[in-house]
Every structure is written in structure tokens, then in C-alpha cells.
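Visitor: With this note's numbering applied, the sequence shown corresponds to residues 25 to 505, in that order. Below are the C-alpha cells for one structure; questions will follow.
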Amino acid sequence: MTTTDNSAADSIPNVLAERYASPALKAIWSPSGRIAIERDFWIAVMKAQRDLGVAIPAKAIADYERVKNNINLAGIAARERVTLHDVKARIEEFSDLAGHEFIHLGLTSRDLTENVEQLQIQRSLAVVRMKTASALLALAKQARAHRALMITGRTHNVPAQPTTLGKRIAMFGQELLIAFTRLGELCARYPARGLKGAVGTQLDQLTLLGGDAKKVARLEARVVKHLGFRTALNAVGQVYPRSLDFDVVSALHQVAAAAASFATTLRLMAGQGLLTEGFQKGQVGSSAMPHKVNARNCERVCGFATIISGYVTMTGALAGHQWNEGDVSCSVVRRIALPDAFYAIDGLLETYLTILRQMNVFPAAIAAENTRNLPFLATTTILMEAVKAGAGRETAHEAIKEHALAAANAMRSGGGDPDLVGRLAGDARLKLTRAKLESILGESARFVGAAPQQVDAFVAEARRVAARVKGASTYQPGKLL
């Protein structure tokens, strides 16, 4: 592409794009990228119109094709300052370059911009889907590696029952699987607006094609197919329903939420010294505290998710506010929300993949935490064994609670004997001897329940669905951070 960049119009005044977005997303949403897509769209429409009988010379189409990559953003910006109309400025620029006036026949501005924006969304969704599939594979790899590594499971961030690190990773992978499934469904059903004209009646195309509705339908079908859409909207006005934008951005947020849930838990575990997200040679955790190893990338993932939630709110506010056949009061919001939401999810996934490939786990620290929390972690198992020995469930629950709280208080305060096993063995309500209790605690492998098998099921499912997405298995995050 030949681009003359003499104006700030081609720069992306956006920290998300400049620092975090990958080249693939920048190419889709940059001013130059958008104009390139528009010109391909105009040429595709001209070719279809010519084939259907509109008097457009083949030489004119060839001339447009010859100059389509000569994108002078400064020249377009200068024209727009005169016309105060962005599409008209781009029509004039392209036509003057080609020396003809055959583009945009029978079209309104929204025939161009709506379809081009939807093509940008469609292509961006494909990039996001591929990177999400890659994240699923990376999660599956980590889950498999730690499928049986027992850790202290937490609810409300308080020690609860044993689980495995692999199961914890698979838990967040399950959430990502749900989001990935929605992405795939969205990509499959996402419709183009099509060539509908100023208020959706296709009047100008009907006029251009001699009132032949079949030709108009063939024209639209050909252009929609050229753009790569499976379907087009039928009864639509000047703009496609803005609830469709909400559908897209909320799907991105669902992906972000799964990653942020993982990142939040990893931050908590890093704070307990159980693992790190990876710490590179030369990296500094704090300018004042040399010992710090911060989970900065996980923090960034959470930040990206918050940004995307803001765009969910913005696009949600546009949904349901369409006037008559359409207005463009939404433009100022959409020009920010749509590209930025994709830049944010792109940066999030790049960061997420980096974390998944660089994270370090410390089994000794995890084992020490397990030892400290046993036998508290086994209280539900002890409860079930007490019931099997003949104790009433609620009676046993109350007895275990009394002794567990007393032992925990003794441990924290340094007063009294924290021997929970001895306390439980001495309570006749439980009908369990010390030997039986120690036998129960000695079978720690069973405390994780079906966690390893659940990991196996997740790994198989993640690999199965990700295998459908081209490039997912070999994708490596770029050096964006």
C-alpha cells in the first residue's frame, strides 16, 4: 500500500492502539486500513453493477484498481474541511485519482460505512477468536501440567477444601470455553447490512437497474458474498440495529471476564508466594522495594477488562435509541467504542498468553500452605466419616465447628493447644478415634475429589474446540509489552 502521511489524521491518537494492539488489529482499524477496505468495496460494487447492465466502462474499473492503494490522508482531510462530509471527501479523492466518476452509484453513505464497519468487526472477531483459542490451549497445557498438584482451595478467599492447581486453572478455562463458544456463534451468524439505500428501500439501486428487483437482489448478494458474510439483514433502515454492536462488545467482555477471573486469582496466589506470572531478567518490581515481584501483567489484564466493560456500557446505551429509519447521533460513540474495544481485547489476550507461557509455580510453597491448613481442609471429609460412623449430621457439624474455631483461635493467638485432631478425637459426639482421624488425614490424595478427572475433561474439550481454529496452536504472543 502506498500511503502519503502528511497529517495527524493517519495517526491513531489512542494509547490502546499505539502500545498494546497487534499489527493485525491496527491494520483493520487504522484510517489507511479503513480507506483500503472502502475502495475494495466500491470496486466490488462497480464490477457487480457492470455485470448486471450498468454502463460502467471496464477501463474505468481498471483505473480505479490501479490507484486504489494511493492513499493520501492529508489530501482527504483537506477535502473534508471543505465538504464537512467524510464520505464525500473520500469519494472525490478516489474519483480524481482514477479520473472517473463511477463509484458510489446508487449508494448512500451508510451503504458504504455500515458495511465497511461490519467488515472491520467481522475480521477483528476472527482475530479475537483465534487468540482466544490459543489461550484455551495454553490454559489446557498448564492445567494438564498441574492436574494433581494439591492446593488449598478457597471460597470467599478463605481456606475451604483441597483442590488441585490444575482444577483451578481448568475452572477459569471453563469460563473461557463458554465465551469462546459465544464468539464462534456470533461469527457464524453476524449479518451484513447490505445495499439498502437511504431509508432501506433500495430505491436508487432499483432505479439504476431499471426497476428489476431480481437484479438488485443479485447485486446485493454478490457484494455480501465478496465481503465474506453468510447473510444480510432484510428489513433494515439507513443503519443496522445498534443492539448488534452491543452484542459484539459484550461478547468481547465475556472473553475478558474469563481472563480477568484467572488473573485476579493468580494475583492473590502471587501475594501468598505460591507462584508468579513470570519475572524476566532485568525486570524491576518496585523502584523503592527491590524484593518485589509484582503480578503486573495480571493487573493489566484486569485493567483491560475494566476498559471493555466501559464500552459495553457505551454500546448498551446506544441500543434501543434508533430514530425512525436511523440517525447517526451514535457515530461519535461508535468511532471510539468499536475500535477501542477490539484494541483492548487484543492487548488483553496478548498479555494473557504471555502470562500463561511464562508463569512459575512453587510446589514447595504450596505444600507448606497445605500442611498449615490441614486438618481444617479435611473437616468436610471428617464430617462424612462421622455420619458413616453413626453421628447425626447436624450434631457432627456443630461439634467440628466448635473444635475447628477453637483450634484456629489457638493457632492465631498463640494461646492453648491447636491440636484439632486431639480435640475431635476426644468428642464422643463424632464417634471417631484418633487412629481413625489420622488414617483419614493420611489419605490426602482423596481430598481433591474428582479434580484430576475434571482437568482431563477440560483439556480434551479445549483441545477439541481450539483445533477448529486455524493458527491457534502455533500462535505466539507478540512483544507488545
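C-beta atoms are modelled at their ideal positions from N, C-alpha and C, and glycine is treated no differently. Remember, predicted model here, so these are calculated numbers, not experimental data.
1) Which runs of the beta strand (DSSP E) spanning at least 3 residues fall entirely within the segment 269-354, listed in chain order?
2) Given a cut-off of 7 Å, decide if LEU219 and ASP110 are closer than it, judged by their beta-carbon atoms.
3) With 16 other CB atoms within 10 Å as the buried threshold, where does ILE515 fall?
4) Going by DSSP, which residues form a beta bridge with ALA256?
5) Rounded C-beta distance between PHE328 and LEU372? I'm assuming under 8 Å.
6) Beta-carbon within less than 7 Å of SER463's beta-carbon, same chain only, minus the 5 sequence neighbours each way: which residues are those?
7) Taking the alpha-carbon positions, what's the ALA312 to THR289 distance?
8) Quick one: using the 10 Å Cβ neighbour count with 16 as the cut-off for buried, is GLU62 buried or exposed?
9) Identify, in the order they occur along the chain, each residue of the same chain with its Cβ nearer than 6 Å to the Cβ of ALA287, setting aside the five sequence neighbours on each side.
10) First and last residue of the beta strand (DSSP E) that includes ARG178?
11) Under 8 Å: do the segment 185-193 and the segment 406-420 share three or more Cβ pairs, one atom per stretch?
12) Please tell me whether LEU161 and ALA481 are closer than 7 Å, where the distance is taken between their beta carbons.
13) If you reduce the DSSP assignment to three classes, tell me which class ILE95 lands in.
14) Taking the beta carbon of ASN433 as the centre, do at least 16 other beta carbons fall within 10 Å, making it buried, or is it exposed?
15) Just verifying my parser: in three-state terms, what is the DSSP assignment at ALA241?
16) Please list the segments of the alpha helix (DSSP H) lying wholly inside the segment 380-408, counting only runs of 4 or more residues, in order along the chain.
17) Keeping to the same chain, check which residues put their C-beta closer than 8 Å to that of GLY414; ignore five residues upstream and five downstream.
18) PRO81 lies in the beta strand (DSSP E); which residues open and close that run?
19) Which residue's Cα is closest to the Cα of ASP64: LEU230, LEU276, ASN139?
20) Once the 5 residues before and after LEU201 are set aside, which same chain residues still bring their CB inside 8 Å of it?
21) Hey, LEU448 and LEU465: beta-carbon distance below 7 Å or not?
22) Just the Cα atoms here: how many angstroms apart are VAL308 and ASN318?
23) I'd like the span of the beta strand (DSSP E) that includes PRO265, first residue to last.
24) Count the other CB atoms within 10 Å of the CB of GLN500; is the residue buried (16 or more) or exposed (fewer)?
25) So, using beta-carbon positions, are ALA431 and MET154 closer together than 7 Å?
26) Along the beta strand (DSSP E) that carries VAL182, what are the first and last residues, could you check?
27) Which runs of the alpha helix (DSSP H), 4 residues or longer, sit entirely within the segment 98-148?
28) Which same chain residues end up closer than 7 Å to VAL493 when comparing Cβ atoms and leaving out the 5 residues on each side of it in sequence?
29) Determine the contact status of ARG206 and GLN278, defining contact as a CB-CB distance below 7 Å.
30) From the DSSP output, in three-state form, read off LEU444 for me.
31) Would a C-beta distance cut-off of 7 Å place ARG246 and ALA72 closer than the cut-off?
32) Would you mind working out which of ALA256, GLY224, ARG171, GLY502 sits nearest ARG381, comparing C-alpha positions?
33) For LEU456, which of helix, strand or coil comes out of DSSP?
34) Measuring only the C-alpha atoms, how far is GLU42 from ARG359?
35) Looking at VAL223 and GLU125, is the spacing between their C-beta atoms short of 7 Å?
36) If we ignore side chains and look at the alpha-carbon of each, how far apart do GLN226 and PHE253 end up?
Guide: Quick answer:
1) With a minimum length of 3 residues, no continuous beta strand (DSSP E) run stays inside the segment 269-354.
2) Position 86 of the sequence shown, counted from the start, is the residue given in the question as residue 110. Position 195 of the sequence shown, counted from the start, is the residue given in the question as residue 219. The answer is no: Cβ separation not under 7 Å.
3) With the chain covering only 25 through 505, there is no way to say anything about residue 515.
4) Here residue 256 is taken as the residue at index 232 of the sequence shown, counted from 1. Under DSSP, ALA256 shares a beta bridge with ALA216.
5) In the sequence shown, counting from the first residue as 1, residue 328 sits at position 304. In the sequence shown, counting from the first residue as 1, residue 372 sits at position 348. That belief holds up - the Cβ atoms of PHE328 and LEU372 are roughly 4 Å apart, short of 8 Å.
6) As a working note, residue 463 is residue 439 in the sequence shown. Within the same chain, SER463 has no close Cβ partners at all.
7) Position 288 of the sequence shown, counting from 1, holds the residue named residue 312. Position 265 of the sequence shown, counting from 1, holds the residue named residue 289. Because the pLDDT of ALA312 is 43, which lies under 50, any placement of that residue in the model is unreliable, and the question is left without a value.
8) What you label residue 62 is simply residue 38 of the sequence shown in a count that begins at 1. The residue is buried, with at least 16 neighbouring Cβ atoms inside 10 Å.
9) Position 263 of the sequence shown, counted from the first residue, corresponds to residue 287. Cβ-Cβ distances below 6 Å link ALA287 to CYS322, VAL325, CYS326 in the same chain, with the five nearest sequence neighbours on each side left out; the list follows chain order.
10) For this step, residue 178 is matched to residue 154 along the sequence shown. Judged by DSSP secondary structure, ARG178 falls within the beta strand (DSSP E) whose first and last residues are 174-179.
11) No, because fewer than three Cβ pairs between the segment 185-193 and the segment 406-420 fall closer than 8 Å, the two stretches do not touch.
12) Indexing the sequence shown from 1 puts residue 161 at position 137. Indexing the sequence shown from 1 puts residue 481 at position 457. In this structure, ALA481 does not lie closer than 7 Å to LEU161 by Cβ.
13) Reading the sequence shown from its first residue, position 71 is the one you call residue 95. Correct three-state label for ILE95: strand.
14) Translated into positions along the sequence shown, residue 433 becomes position 409. Residue environment analysis places ASN433 among the exposed positions, since fewer than 16 neighbouring C-beta atoms fall within 10 angstroms of its C-beta.
15) Taking the sequence shown and counting its residues from 1, one reaches residue 241 at position 217. Of the three classes helix, strand and coil, the one that applies to ALA241 here is helix, per DSSP.
16) Taken in chain order, the whole alpha helix (DSSP H) runs of length 4 or more contained in the segment 380-408 are 387-397.
17) Residue numbering aside, residue 414 sits at position 390 when the sequence shown is read from its first letter. So the qualifying residues of the chain are LYS455.
18) Locating residue 81 in the sequence shown gives position 57, counting from the first residue. Bounds of any beta strand (DSSP E) do not take in PRO81, whose DSSP letter is neither H nor E.
19) The sequence position of residue 64 within the sequence shown is 40, counting from 1. Comparing Cα positions, the closest option is ASN139.
20) By 1-based counting over the sequence shown, the position of residue 201 is 177. Counting only Cβ-Cβ distances below 8 Å, and skipping sequence neighbours, we find LEU160, PHE482, GLU485, ALA486, VAL489.
21) The sequence position of residue 448 within the sequence shown is 424, counting from 1. The sequence position of residue 465 within the sequence shown is 441, counting from 1. No, these two residues do not count as a Cβ contact at 7 Å.
22) Counting from 1 along the sequence shown, the entry for residue 308 is found at position 284. Counting from 1 along the sequence shown, the entry for residue 318 is found at position 294. Unreliable placement is indicated for VAL308, whose pLDDT of 49 sits below 50; the coordinate value is still reported in the next sentence. Linking VAL308 to ASN318 through their CA atoms gives a straight-line distance of about 9 Å.
23) Translated into the one-based positions of the sequence shown, residue 265 becomes position 241. Careful: PRO265 lies outside any beta strand (DSSP E) and carries neither H nor E.
24) Along the sequence shown, one-based indexing puts residue 500 at 476. Exposure of GLN500 is indicated by the presence of fewer than 16 other C-beta atoms within 10 angstroms of its C-beta.
25) The count along the sequence shown starts at 1 and reaches residue 431 at position 407. The count along the sequence shown starts at 1 and reaches residue 154 at position 130. Not closer than 7 Å, so no.
26) Mapped onto the sequence shown, residue 182 falls at position 158. Membership of VAL182 in the beta strand (DSSP E) is indicated by the continuous run 182-188.
27) Those alpha helix (DSSP H) runs which fall completely within the segment 98-148 and span 4+ residues are 110-122.
28) By one-based count along the sequence shown, residue 493 stands at place 469. The answer, listed in chain order, is ARG153, MET154, ALA157.
29) Along the sequence shown, read from residue 1 onward, the residue named residue 206 stands at position 182. Along the sequence shown, read from residue 1 onward, the residue named residue 278 stands at position 254. GLN278 is positioned such that its CB atom lies closer than 7 Å to that of ARG206.
30) For the purposes of this step, residue 444 is taken as the residue at position 420 of the sequence shown. Note: LEU444 maps to helix in three-state DSSP.
31) Within the sequence shown, the letter at position 222 stands for residue 246. Within the sequence shown, the letter at position 48 stands for residue 72. In this structure, ARG246 lies near ALA72, with their beta-carbon atoms less than 7 Å apart.
32) As a first step, residue 381 is located in the sequence shown; it is residue number 357 there, counting from the start. Of the candidates ALA256, GLY224, ARG171, GLY502, the one whose C-alpha sits nearest the C-alpha of ARG381 is GLY502.
33) Here residue 456 refers to the residue found at position 432 when the sequence shown is read from its first residue. Three-state result, LEU456: coil.
34) As a position in the sequence shown, residue 42 is number 18, starting the count at 1. As a position in the sequence shown, residue 359 is number 335, starting the count at 1. So the two alpha carbons sit approximately 16 Å from each other.
35) Along the sequence shown, one-based indexing puts residue 125 at 101. Along the sequence shown, one-based indexing puts residue 223 at 199. In terms of Cβ geometry, GLU125 and VAL223 do not form a close pair [threshold 7 Å].
36) Translated into positions along the sequence shown, residue 226 becomes position 202. Translated into positions along the sequence shown, residue 253 becomes position 229. GLN226 and PHE253: Cα-Cα distance of roughly 19 Å.
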